[in-house]
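Visitor: Just passing along the structure, written as structure tokens.
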Amino acid sequence: CGPPLRVRVPYTPAMQPGDRVAEFTITGSLGVGDQGEFFVAETASPVEGSATTVVLKVGPATGNFTRLVQEIETFSRVRHPHLMRLFGAGQHEDLFWFSMEWCEQGPVDLLDLAGSERLRAVADAAEGAQALHDAGLAHRNVRPRNGYLRAEGTAVLADLSRVLVGGTEMTDLSSPNALGYLDPALLTADHAGPATDVFSLAATAHHLVTGTHLWPGIDPTQVLMSVRRVLREAPMVRRDACPSGVADLVA
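Quick note on numbering: the sequence shown equals residues -2 to 248 in the working numbering.
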């Protein structure tokens, strides 16, 4: 019998463009993350010298507060050129927020990039993951939407909300979109570590290069059905469209 599964629907703040959170003005949404929603926001006071556009993660000041604090602690503990930079954090009314680096080109999976550029972005993300591994941590949520491209073309690994949360006794599926990139071993009580992140990196590369999941047609919104497929079916590797080194990591 594997570990119990915990499924949580992420909280989504009712924020619209033009709304303010502390000194930030919301300009658009980047989508829902594990513990809140990601926004693009502007500030009149530059952060870290020159940045006036930031990624703002907003969540409730109760309930998920501990996980948000843990994410900030991870950002503070590990600094690396290929991990998204943290600028600041605070509380606004009943919301908790923290601001991060805005990577102008956006999420890698939404960009029109050549296959080699996509693989380069995954290689950059792998360096960020290695920095976490060197600090004794595992990311546990590597997937295409968590890789962002800076203006000059380098990529960063984002969303550290699952790094310091949980343990080997529980598989945390508060981010169902991780299914399809999550090492199946994590659904059967294995330890999260460098090897499970490497699988996720390879699964991410496979999807970015081939356009298909390792489990084609998987629907992360159907969590139990997706988990059943991942546990019962071997990954379907598109060796005809995927570099052999990547294919070997997920086969």
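Virtual Cβ for every residue (Gly too), placed ideally from N, Cα, C.
Who are the Cβ neighbours of residue 23 in its own chain at under 8 Å, not counting the five residues just before and after it?
Guide: Result list for residue 23: 12, 13, 14, 15, 16, 17, 36, 37, 38, 53, in chain order.
Visitor: When DSSP builds the beta bridges, which residues end up paired with residue 87?
Guide: DSSP, once it has assigned bridges, lists 94 as partnering residue 87.
Visitor: Output needed for residue 175: all residues of its chain with C-beta closer than 7 Å, excluding positions within five of it in sequence on either side, in chain order.
Guide: Closer than 7 Å at Cβ, skipping near neighbours: 138, 140.
Visitor: In three-state DSSP terms, what is residue 202?
Guide: Correct three-state label for residue 202: helix.
Visitor: Could you pull out every residue in the same chain whose Cβ sits closer than 7 Å to the Cβ of residue 178, ignoring the five residues on either side in sequence?
Guide: Cβ within range, chain order: 139, 140, 197, 200, 201.
Visitor: Would residue 193 pass as a contact of residue 231 if the rule is Cβ separation under 9 Å?
Guide: The answer is no: Cβ separation not under 9 Å.
Visitor: Give the straight-line distance between the Cα atoms of residue 221 and residue 212, rounded to the nearest whole angstrom.
Guide: Roughly 14 Å separates the two Cα atoms.
Visitor: Given a cut-off of 9 Å on the beta-carbon distance, is the pair residue 146 and residue 102 in contact?
Guide: In contact: residue 146 and residue 102 (Cβ atoms closer than 9 Å).
Visitor: Alpha carbon to alpha carbon, how far is residue 223 from residue 119?
Guide: The alpha-carbon atoms of residue 223 and residue 119 are separated by roughly 24 Å.
Visitor: Thinking residue 206 and residue 112 are a contact (beta carbons under 8 Å), I'd like their distance in whole angstroms, please.
Guide: With a Cβ gap of about 5 Å, residue 206 and residue 112 count as contacting.
Visitor: Residue 243: buried (16+ other C-beta within 10 angstroms of its C-beta) or exposed?
Guide: Buried, because 16 or more other Cβ atoms sit within 10 Å of the Cβ of residue 243.
Visitor: Closest to residue 130 by CA distance: which of 217, 75, 27, 25 is it?
Guide: Among 217, 75, 27, 25, the Cα nearest to that of residue 130 is on 75.
Visitor: Anyone know if the C-beta pair for residue 203 and residue 247 falls short of 9 Å?
Guide: Taking 9 Å as the Cβ cut-off, residue 203 and residue 247 qualify as a contacting pair.
Visitor: Can you tell me whether residue 3 is helix, strand or coil according to DSSP?
Guide: In this prediction, residue 3 scores a pLDDT of 45, lower than 50, which makes its location untrustworthy; the coordinate-derived value is nonetheless stated afterwards. Three-state result, residue 3: strand.
Visitor: Suppose only complete runs of 4+ residues qualify. What are the alpha helix (DSSP H) ranges in the segment 99 to 142, listed by chain order?
Guide: Complete alpha helix (DSSP H) runs here, min 4: 112 to 131.
Visitor: Who are the Cβ neighbours of residue 190 in its own chain at under 8 Å, not counting the five residues just before and after it?
Guide: So the qualifying residues of the chain are 130, 135.
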